[in-house]
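Taking the UniProt record's numbering, the leading residue of the sequence shown gets 1, the next gets one more, and so forth.
Where is the CB? At the ideal position from N, CA and C, for every residue including glycine.
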Amino acid sequence: MQDYTPENFDEESEMYEHFAFTVKEGQKPLRVDKYLMNFIENTTRNKIQDAAKEGGIFVNDVAVKSNYKVKPGDNIRVMFAHPTYENLLVGEDIDLDIVYEDDDVLVVNKPAGMVVHPGHGNYSGTLINALIYRFDNLPNNSSDRPGLVHRIDKDTSGLLVVAKTEQAMTHLAAQFAEKTSEREYVAIVWGNMEEDEGTVEGNIGRHPKNRLQNTVFLDDEGDKGKPAVTHYKVLERLGYVTVVSCKLETGRTHQIRVHMKHIGHTLFNDERYGGEKILKGTTFTKYRQFVDNCFKVLPRQALHAKTLGFEHPRTGEFLRFETPIPQDMEDCIEKWRVYSKHQSLETDSDE
């Protein structure tokens, strides 16, 4: 049987690369479908196996089956017969919560669950789909994404600024790069934080074993990743969880989620970083039921981009916007308030 390589396909059956990975040293033999599950977001093992059946998974430029065992140094490419969907942008009539708009900028309060830009598994219903439906000729950022100056994660709610002109894009991007913009988030984290306020510093980069996560690199690995600084302040202590304000000095992917986990206070119900497990508290069944109810009320990581400030790119005026904590987070916080008050009363009665 002939080996199919990307070069073997004629123009009518051209293949497009969607993902590419090089297996790192120290990787133990592992089926390629299992290996790719650690690196491709929003997919299933069945989808990866289907791609292999269709001849779309290449290792060292040779198509392989899903049971191929990867080894260090292997170059893996996942190919499909269509271009990546993020390059096929289609406008969609999606309601947006617009906080502010003029000829230069747009400030949007993004709901939890909305993806900012198309990517694997999320090809429609994104903020960009809504933006290009509303506006013609939005300026592209350095990643060719129209209008986007910055982004927040799918399951994080809150404020983003969108550039409507080239001048606004350049001016706003410089503010974010030079750390003159203002960004404050509110989070619920596991555990009772020791200090009332503090700063977390540490380079952030892709986790060496799980590309869906980022991690902090310190000491002898301090040359990896990019510098990241988060300032935090306790807003409310609720026993086994704490409500905190986090101000970003830098804007790395998953920065608050990574930095809070790094100091031992993973975000509440942050599935990607382990916060969907009970990390603090008792072993009582009633407590587990209580936490499960909190997870149902807030079925996402407890993070909201509350405040956004920047200098207007044309007028020079400093604008600051705030949006209230969304109802799901408020409901979760209130549950913890009641629980912590009840626990405090029980403790007092035992003394």
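### Message
Which residue marks the beginning of the beta strand (DSSP E) containing K247, and which one marks its end?
### Response
K247 -> beta strand (DSSP E) spans V241 to L248.
### Message
In chain order, what are the residue ranges of uninterrupted beta strand (DSSP E) at least 3 long that sit wholly in the UniProt domain "RNA-binding S4" (30-89)?
### Response
Counting only runs of 3 or more, we get 57-59 and 75-80.
### Task
Count the other C-beta atoms from every protein chain shown that fall within 10 angstroms of the C-beta of T230, then say buried if there are 16 or more, exposed otherwise.
With 16 or more other Cβ atoms within 10 Å, it is buried.
### Task
Assuming M260 contacts T266 (C-beta within less than 8 Å), just tell me the rounded distance between them.
Sure, about 6 Å apart at Cβ, within 8 Å.
### Query
Under the rule that 16 or more other beta-carbon atoms within 10 Å means buried, what is S142, buried or exposed?
Exposed, by the Cβ-count rule.
### Task
Please confirm whether K164 and G113 have their CB atoms less than 8 Å apart.
Not closer than 8 Å, so no.
### Task
Could you tell me whether the stretch 166-173 touches the stretch 210-221, using the rule of 3 or more Cβ pairs below 8 Å?
In the pairwise beta carbon analysis, the stretch 166-173 is classified as not touching the stretch 210-221: fewer than three pairs are separated by under 8 Å.
### Span separating the alpha-carbon of residue 361 from that of H207
An answer regarding residue 361 cannot be provided, because it is not within the stretch 1 to 351 covered by the chain.
### Query
Any idea if G26 is buried or exposed, counting beta-carbon neighbours within 10 angstroms, 16 or more meaning buried?
Exposure of G26 is indicated by the presence of fewer than 16 other C-beta atoms within 10 angstroms of its C-beta.
### Ranges of the alpha helix (DSSP H) found wholly within the stretch 146-207, counting only runs of at least 4
As far as the stretch 146-207 is concerned, its whole alpha helix (DSSP H) runs of at least 4 residues are 166-177.
#### Entry: For R237 and N67, the rounded distance between their alpha carbons
If I take the Cα positions, the gap works out to 50 Å.
### Task
Report back the beta-carbon spacing between G158 and A305 to the nearest angstrom; my notes put them in contact at under 8 Å.
Contact holds; Cβ gap of about 3 Å.
### Query
Hey, is the stretch 291-305 in contact with the stretch 321-331, meaning 3+ C-beta pairs nearer than 8 Å?
Segment contact: the stretch 291-305 against the stretch 321-331, three or more CB-CB distances shorter than 8 Å; contact assigned.
### Coarse secondary structure for L127, derived from DSSP in three states
The answer is helix: DSSP assigns L127 an H, G or I state.
### Query
Start and end of the alpha helix (DSSP H) containing F290?
Judged by DSSP secondary structure, F290 falls within the alpha helix (DSSP H) whose first and last residues are T285 to V297.
### Message
If you reduce the DSSP assignment to three classes, tell me which class H304 lands in.
### Response
Looking at H304 - three-state DSSP - the assignment turns out to be strand.
### Task
Spatial neighbours of Y273 within its chain, please: CB distance less than 6 Å, with the 5 preceding and 5 following residues excluded, ordered by chain position.
The residues are R257, K261 and T266.
### 8 Å Cβ cutoff met for R337 and E182
Contact: no.
### Query
If you draw a straight line from the C-alpha of H18 to the C-alpha of N210, how long is it?
Looking at the two C-alpha atoms, the distance is approximately 18 Å.
### Query
Is H259 helix, strand or coil by DSSP?
Correct three-state label for H259: helix.
### Task
Give the DSSP bridge partners of H231, in chain order.
Among the bridge pairs identified by DSSP, H231 is matched with T199 and K247.
### Query
Given that a residue counts as buried once 16 or more other Cβ atoms are within 10 Å of its Cβ, and exposed if not, what is V62?
Label assigned to V62: exposed.
### Task
Can you grab the Cα-Cα spacing for the pair G275 / T315, in whole Å?
When only Cα atoms are considered, G275 and T315 end up about 43 Å apart.
### Query
My guess is that A187 and A302 are in contact by the Cβ rule of under 8 Å, so how many angstroms apart are they, rounded?
Contact holds; Cβ gap of about 6 Å.
### Message
Once the 5 residues before and after H171 are set aside, which same chain residues still bring their CB inside 7 Å of it?
### Response
Only P313 meet the Cβ criterion.
### Query
Taking the runs of the beta strand (DSSP E) that are 3 residues or longer, which of them lie wholly in the stretch 307-335?
Counting whole runs of 3 or more residues, the stretch 307-335 contains the beta strand (DSSP E) stretches 318-322.
### Message
Just to confirm, is the Cβ distance from K233 to S245 under 8 Å?
### Response
Against a cut-off of 8 Å, the Cβ pair of S245 and K233 comes out as a contact.
### Query
How should F284 be labelled, buried or exposed, when 16 other C-beta atoms within 10 angstroms of its C-beta is the threshold for buried?
Exposed, since its Cβ has fewer than 16 Cβ neighbours within 10 Å.
### Task
Hey, could you find the ends of the beta strand (DSSP E) N109 is sitting in?
Per DSSP, N109 belongs to the beta strand (DSSP E) from V105 to K110.
### Task
Would you check if the distance between the CB atom of I76 and the CB atom of V23 is smaller than 8 Å?
Going by C-beta atoms, I76 is nearer than 8 Å to V23.
### Task
Provide the residue span of the beta strand (DSSP E) that contains V23, from first to last.
Judged by DSSP secondary structure, V23 falls outside any beta strand (DSSP E); it is assigned neither H nor E.
### Message
Can you tell me whether P146 is buried or exposed? The criterion is at least 16 other CB atoms within 10 Å of its CB, across all chains shown.
### Response
Buried, since its Cβ has 16 or more Cβ neighbours within 10 Å.
#### Entry: Burial state of N109 (16 or more Cβ within 10 Å)
With 16 or more other Cβ atoms within 10 Å, it is buried.
### Message
Taking its Cβ as the centre, do 16 or more other Cβ atoms sit within 10 Å of V189, making it buried, or is it exposed?
### Response
So V189 ends up on the buried side.
### Message
By alpha-carbon positions, which one of K28, G251 and D103 ends up nearest to G202?
### Response
Looking from the CA of G202, the closest CA among K28, G251 and D103 belongs to G251.
### Query
Just curious, the beta strand (DSSP E) that I278 is in, first and last residue?
Taken as a continuous stretch (DSSP letters only), I278 belongs to no beta strand (DSSP E), as it is neither H nor E.
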